[in-house]
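Its first residue numbered 1, the sequence shown is counted upward by one per residue in this note's numbering.
Yeah, the Cβ is synthetic: ideal placement off N, Cα and C, and Gly gets one too.
None of the values given here were measured: they were computed from a predicted structure.
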Amino acid sequence: MNVKLFRIVTGEEVVAEVVSEYDNFVTVKNGLVVLPGANGTVGFAPWATVVDREIPDLIIAKNHLVYVAEVDPGIKKKYNEVYGSKLITPDEKKLVL
């Protein structure tokens with residue numbers, strides 16, 4: 001699952017799965033808007049709430065994007081729990097010497 005953070009020119013930050021990418025647009029699905037909370041916390045809400053769940057793809061023109069970035073691994077894991085295969089990979093164990 002290719003999950004990215006998109007900053008839209010409207011100011012929204014959206015975490016979504018990239019379906020495909022072309023020169024002038026990117027297709028995403030299952031977008032979540034990042035909502036800033038108190039003390040540096042964040043929450044999430046569905047983005048494009050009235051999209052047909054049978055056809056969830058959204059096409060975004062690249063000229064409407066400010067930036068695209070990798071998502072924090074913890075956020076990506078939570079996103080996968082909601083929208084992914086439902087397989088939860090355990091955190092990597094590290095040997096302390």
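Quick one: what's residue i bridged to in DSSP?
i: residue 73; result: DSSP, once it has assigned bridges, lists no residue as partnering residue 73.
i: residue 68; result: 6
Going by C-alpha to C-alpha distance, which of the options sits closest to residue i?
i: residue 77; options: 62, 8, 17 and 13; result: 17
i: residue 64; options: 2, 10 and 1; result: 10
i: residue 126; options: 60, 68 and 80; result: Because the chain is modelled from 1 through 97, residue 126 falls outside the range shown and cannot be assessed.
i: residue 43; options: 84, 83, 4 and 79; result: 79
i: residue 62; options: 28, 1 and 34; result: 28
i: residue 52; options: 31, 81 and 3; result: 31
Using a threshold of 8 Å, is the CB atom of residue i nearer than that to any non-hydrogen atom of the ligand MG?
i: residue 59; result: With respect to the ligand MG, the structure shown offers nothing to examine, as it has no ligands at all.
Extract the residue ranges of the beta strand (DSSP E) inside the region 4-36, only unbroken runs of 3 or more that lie entirely within it. Given a length threshold of 3 residues, each whole run of the beta strand (DSSP E) inside the region 4-36 is given here in chain order: 13-21 and 25-36.
Go through the region 37-64 residue by residue and report every complete run of the beta strand (DSSP E) that reaches 3 residues or more, in order. You should have 42-46 and 58-61.
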